[in-house]
Amino acid sequence: MSMREDKIIIKGARVHNLKNVSLELPKNKLITFTGVSGSGKSSLAFDTIFAEGQRRYIESLSPYARQFLGQMDKPDVDSIEGLSPAISISQKALSRNPRSTVATMTEIYDYLRVLFARIGKPYCPTCGREIKRLTIDEMFNLVTQKAKELKAEYLMIFSPVVRGRKGEYYQLLYDFLQKGFSEARIDGKIHSLHDKIVLSRYKAHDIDIVIDKVIPTDESRLFEALENALDYSKGLVIATFTLESSALKPRTVLGKMPRSVLGGQQYEILLSSRLSCPNDGFSFSEIEPRTFSFNSPYGACEACHGLGKESLFSDEPCVICHGKRLKPEALSVKIHQKNINEIVSLTIEDCYEFFIAFEEKLAEKEKILSRGLTKEIISRLGFLLEVGLDYIALSREASTLSGGEAQRMRLSSQIGSMLSNTLYVLDEPTIGLHERDTEKLLKTLRGLQDLNNTIIIVEHEERMIKESDYLVDLGPGAGIEGGEIVAAGETKELIKDKKQKSLTLDYLRKDRQIEIPPRRTKITEKLKIIGARKNNLKNIDVEIPLRKLICITGVSGSGKSSLFETLYKNAVRLIYRIPEPLENVSKLLGTEYIRRIVEISQSPIGRTPRSNPATYTGIWTPIRDFYTSLEDARARGYGKSRFSFNVKGGRCEACQGAGYNLVEMHFLPPVLIQCEVCRGKRFNKETLEVKYEPHTSASAIRGKGKNIADILDLTATEALDFFKDIYPVAEKLKVLEDIGLGYIKLGQSATTLSGGEAQRVKLAKELSEHATKTVYLLDEPTVGLHYHDVELLIAILQKLIERQNTVILIEHNLELIKVCDHIIDLGPEGGDKGGKVVATGRPEEIARNKNSYTGQYLKKVL
3 MSMREDKIII
13 KGARVHNLKN
23 VSLELPKNKL
33 ITFTGVSGSG
43 KSSLAFDTIF
53 AEGQRRYIES
63 LSPYARQFLG
73 QMDKPDVDSI
83 EGLSPAISIS
93 QKALSRNPRS
103 TVATMTEIYD
113 YLRVLFARIG
123 KPYCPTCGRE
133 IKRLTIDEMF
143 NLVTQKAKEL
153 KAEYLMIFSP
163 VVRGRKGEYY
173 QLLYDFLQKG
183 FSEARIDGKI
193 HSLHDKIVLS
203 RYKAHDIDIV
213 IDKVIPTDES
223 RLFEALENAL
233 DYSKGLVIAT
243 FTLESSALKP
253 RTVLGKMPRS
263 VLGGQQYEIL
273 LSSRLSCPND
283 GFSFSEIEPR
293 TFSFNSPYGA
303 CEACHGLGKE
313 SLFSDEPCVI
323 CHGKRLKPEA
333 LSVKIHQKNI
343 NEIVSLTIED
353 CYEFFIAFEE
363 KLAEKEKILS
373 RGLTKEIISR
383 LGFLLEVGLD
393 YIALSREAST
403 LSGGEAQRMR
413 LSSQIGSMLS
423 NTLYVLDEPT
433 IGLHERDTEK
443 LLKTLRGLQD
453 LNNTIIIVEH
463 EERMIKESDY
473 LVDLGPGAGI
483 EGGEIVAAGE
493 TKELIKDKKQ
503 KSLTLDYLRK
513 DRQIEIPPRR
523 TKITEKLKII
533 GARKNNLKNI
543 DVEIPLRKLI
553 CITGVSGSGK
563 SSLFETLYKN
573 AVRLIYRIPE
583 PLENVSKLLG
593 TEYIRRIVEI
603 SQSPIGRTPR
613 SNPATYTGIW
623 TPIRDFYTSL
633 EDARARGYGK
643 SRFSFNVKGG
653 RCEACQGAGY
663 NLVEMHFLPP
673 VLIQCEVCRG
683 KRFNKETLEV
693 KYEPHTSASA
703 IRGKGKNIAD
713 ILDLTATEAL
723 DFFKDIYPVA
733 EKLKVLEDIG
743 LGYIKLGQSA
753 TTLSGGEAQR
763 VKLAKELSEH
773 ATKTVYLLDE
783 PTVGLHYHDV
793 ELLIAILQKL
803 IERQNTVILI
813 EHNLELIKVC
823 DHIIDLGPEG
833 GDKGGKVVAT
843 GRPEEIARNK
853 NSYTGQYLKK
863 VL
């Protein structure tokens, strides 16, 4: 391999805030991109390198294939050489479809369905007896016995020749007419074979040939009808018992019978020469993979259609299948006394252990039938274990996985694909991982690298950065102050070389550290959770001191989120006096000390591009007030609504203040196009004529009066300088800058903010409202944050506590954990092996606890 072939050479990258970046990256290495939030890491990794790799791959496809994939724009970069086909493994949530589970997304469920169809043993769902194959004599005895029990006078014998198959079946129906049969039941309706029957070629059909109509006492004719039915259907027969005689006589044409007789006055059973219960006549038509599919009418519970819930908008389990999604017959097929639902209800670790033991217990014939299937299942489960997902149940809905869990699940599928000479780009794969599990993830990434793959990860976790082969640090600041390569080279060499200066390297060398603040005095007021038992919580009691910084820690799946949710939902009911009983807890005491409880999640601050940080944080209100007070605005008679892009008057009506128009594309997703009238400014020409120019603004923006649209295009830092003499505006902008969001634009679309950015915008809003006696709940607030950003975040959290508030975190970042006043460590493991309180107390006390995994790693940073 030549020198140029073993490198990725990037020249002149200018995507977003990148400043004509040129860079050489070694191939087949583990590379980390670091830098403060907004420094350009994702712009370089995802929007430049991955985007160009993906574009080139799609361009290499045939024109026919490309028409289904759409046109991909070339990133703003002069050239990239040595680029391999690229795969992005992002934090984006998996399918929101409630039918998607961990088992289906990893394809493990497909292998399980085939396995159960091959070696599963059926049991009668009524009596629990193992179902054996029925002989024709057993069928005859069962039908005559059932006829006596029902006091049926007439029977119809059908041969089910087509079961859920697509096609027109002209020839099949014609052949049966030639054999002397006159009628067939097609999709539940009786048709004469003498008539022209038109069936949809693309629809699945059930076709039952009417073999005969007999009275139960005519035993020879009944036996003959059963024989014929079995012959034509290859082992299946349907017997329909008519319970009244008034409407039906022998030889009556079925199509001319009253509809009532064909409805509720008949009783029908399916018999099989393959699988039937001799006790009560229960039969399986045939056991095949679709029998176990909750996405197929042949396997899905008939009440909930395979959702497992009362309805799409309900969390209540289906009253028929109790959340198991499948029909009783599918749940009655077992392997080693477990049905398919019981297997997918296991955690990945328990399922792995089940199949390891399972292979040893198989009979020789079963080993032959299951060969390849169990190997593939064990292999995929092993990959999931490697990426630290041992605690997750296979039946868990994909939509409930966190971004980090979803990313690691995608990563596990890539390990199994065994691709080589590929470029992988990952976004913070350590999100949601305890320090203990990071080692497993590193091993997995090294395994991918060993297949001659190049791995680029955008990362902030110290151990992952230090273990990488090559480091690229971007900055020096965020937004317009970033977008440059501050340092690049072999990781270990960069850390050793004191001449190399960068904020990231300072923290990695411990030249700069997050200081531990003085511990707060003991406070007697506390929340007491008694008997918490949600999910895997083992009826635990937890005390939470108020007006302090509290951290809930523990390995993945230990019960942290369950404790969080238990506290939040029940506290809301007590504080706001909602007349509903407490859930998953015996008692919650101490809520009289707090006025409100707020969950600050990483969900978007708005679901449409119209929402932005200025409107969400309330900054936009004083800005509009200020522009209304300007002399030009007053002379024109403009009120406050004139400077709103959400109401008529001042906004551009061509785009209704959005700045863009949504264009529907046939066969492709809709596209956002900049408004041709206002050019993305949102406001009409007259409104934009009102401008303000401060006399003391920085030189960068001095000399240019700014209209209301220009303000939306400023970063928080630029706006703070522009409005520094306007206190109501400057006060709110200062909070955004203090929290490390000075680089985001005031009018930036809410949908483009990362989860971490959205969470900090919400924090900024809370800070500007000066609330007291509030409990704030934050789940992993350091996601996406550089060491420097973590330091800024800690300062903001401390300000909240100084105002007599309480902050409760779920966190894995040791730099934040070490500055907390009180830690609640859950575990000891994940899933069923977790849910207990391992240790509580100050960080120093947790570090001394030998039973705490968190303590073992915390000891190293204290």
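Heads up: the sequence shown begins at 3 in the numbering used here, then just goes up one per residue. Cβ atoms here follow ideal geometry from the backbone N, Cα and C, with glycine treated the same way. Nothing here was measured: the structure is a model prediction, and the numbers come from that model.
Reference residue i, options the options, closest by Cα
i: Gly-418; options: Ile-546, Leu-387, Lys-736, Gly-55; result: Leu-387
i: Val-913; options: Thr-244, Ser-202, Ser-558, Val-239; result: Not covered by the structure: residue 913. The range shown for the chain is 3 to 864.
i: Phe-183; options: Asp-189, Glu-170, Asp-197; result: Asp-197
i: Gly-695; options: Lys-562, Glu-739, Phe-724, Asp-715; result: Checking the sequence shown, residue 695 turns out to be Glu, not Gly. Glu-695 has its Cα closest to that of Phe-724, out of Lys-562, Glu-739, Phe-724, Asp-715.
i: Ala-154; options: Gly-84, Ile-596, Tyr-269, Arg-120; result: Tyr-269
i: Asp-715; options: Glu-688, Ala-616, Tyr-176, Asn-663; result: Ala-616
i: Leu-396; options: Val-104, Asn-572, Glu-793; result: Val-104
i: Gln-761; options: Ala-773, Thr-784, Glu-771; result: Thr-784
i: Ile-82; options: Ala-47, Asn-99, Val-116; result: Ala-47
i: Asn-343; options: Tyr-354, Glu-355, Pro-330; result: Pro-330
i: Val-557; options: Gln-56, Lys-838, Glu-109; result: Lys-838
i: Gln-147; options: Leu-348, Ile-271, Cys-129; result: Ile-271
i: Met-141; options: Leu-232, Ile-554, His-193; result: Leu-232
i: His-772; options: Leu-816, Glu-733, Ile-12; result: Glu-733
i: Glu-594; options: Arg-579, Leu-435, Glu-361; result: Arg-579
i: Val-346; options: Phe-118, Ala-241, Arg-167, Asn-455; result: Phe-118
i: Lys-236; options: Ile-138, Lys-650, Ile-370, Tyr-300; result: Ile-138
i: Leu-228; options: Asp-499, Gly-308, Leu-144; result: Leu-144
i: Asn-30; options: Ile-554, Lys-9, Lys-168; result: Lys-9
Anticipated Cβ contact below 8 Å, residue i with residue j, distance rounded
i: Lys-1; j: Leu-674; result: Residue numbering for the chain in the displayed model covers 3 to 864; residue 1 lies beyond these limits and cannot be assessed.
i: Thr-440; j: Ile-467; result: Not confirmed; about 11 Å, so no contact.
i: Gly-833; j: Tyr-393; result: 4 Å
i: Val-840; j: Ile-518; result: The pair is not a contact, with the Cβ atoms about 22 Å apart (cut-off 8 Å).
i: Ile-350; j: Leu-403; result: So it is not a contact: roughly 12 Å between Cβ atoms.
i: Ala-88; j: Leu-425; result: 4 Å
i: Ile-213; j: Ser-161; result: 5 Å
Exposure of residue i, with buried meaning 16 or more beta-carbon neighbours within 10 Å
i: Thr-568; result: buried
i: Phe-566; result: buried
i: Arg-261; result: Any reading at Arg-261 must be qualified, since the residue scores a pLDDT of 30, below 50, and its modelled position is unreliable; the value itself is stated next. It is exposed - the Cβ of Arg-261 has fewer than 16 other Cβ atoms within 10 Å.
i: Arg-203; result: exposed
i: Leu-224; result: buried
i: Thr-106; result: buried
i: Phe-294; result: buried
i: Phe-315; result: exposed
i: Arg-373; result: exposed
i: Met-158; result: buried
i: Tyr-125; result: buried
i: Ile-358; result: exposed
Own chain partners of residue i with C-beta closer than 7 Å, once the 5 adjacent residues on each side are dropped
i: Ile-798; result: Asp-740, Ile-741, Leu-765, Leu-769
i: Asn-19; result: Gly-42, Ser-45, Gly-481, Ile-482, Gly-484, Gly-485
i: Leu-195; result: Leu-175, Phe-178, Leu-179, Phe-183, Ser-184, Glu-185, Ala-186
i: Gly-749; result: Asn-614, Ala-616, Leu-714, Asp-715
i: Phe-628; result: Ile-728, Val-731
i: Gly-265; result: Caution applies to Gly-265, whose pLDDT of 43 falls short of 50 and renders its modelled position unreliable; the value that the coordinates give is listed next. Within the same chain, Gly-265 has no close Cβ partners at all.
Close Cβ partners of residue i (< 8 Å) along its chain, the five nearest in sequence each way excluded
i: Ile-532; result: Asp-543, Val-587, Ser-588, Lys-589, Leu-590, Leu-591
i: Leu-32; result: Leu-447, Arg-448, Gln-451, Ile-457, Ile-459, Glu-469, Ser-470, Asp-471, Tyr-472
i: Lys-258; result: Residue confidence is low: Lys-258 scores 35 on pLDDT, short of 50, so the model does not pin down where it sits. Its coordinate-derived value is still stated next. Once the five neighbours on either side are set aside, Lys-258 has no close Cβ partner at all.
i: Gly-14; result: Asn-22, Val-23, Ser-24, Val-79, Asp-80, Ser-81
i: Asp-317; result: Lys-311
i: His-193; result: Glu-185, Ala-186, Arg-187, Ile-199, Gly-257
i: Gly-786; result: Ser-39, Glu-430, His-462, Ser-756, Gly-757, Gly-758, Glu-759
Contacting residues, own chain, Cβ-Cβ under 6 Å from residue i (five flanking each side not counted)
i: Pro-547; result: Ile-525, Lys-528, His-824
i: Ile-810; result: Ile-552, Leu-779
i: Ser-865; result: This structure does not reach residue 865, given that the chain is present from 3 up to 864, and the question cannot be answered.
i: Ser-504; result: Asp-475, Val-488, Ala-489
i: Tyr-509; result: Tyr-789
i: Thr-506; result: Thr-36, Asp-475
>> Ignoring anything shorter than 3 residues, give me the beta strand (DSSP E) runs that lie fully in the segment 447-474, in order along the chain.
In response: Look at the segment 447-474 and you find these whole runs of beta strand (DSSP E), each 3 residues long or longer: 456-460.
> At which residue ranges does the segment 505-551 contain complete beta strand (DSSP E) runs of 3 or more residues, listed in the order of the chain?
Replying inline: DSSP runs (the beta strand (DSSP E)) wholly in the segment 505-551: 528-534, 542-547.
>> So within the segment 669-741, which uninterrupted alpha helix (DSSP H) runs reach at least 4 residues, ignoring any that extend past its ends?
In response: Complete alpha helix (DSSP H) runs here, min 4: 687-690, 710-714, 718-724, 729-740.
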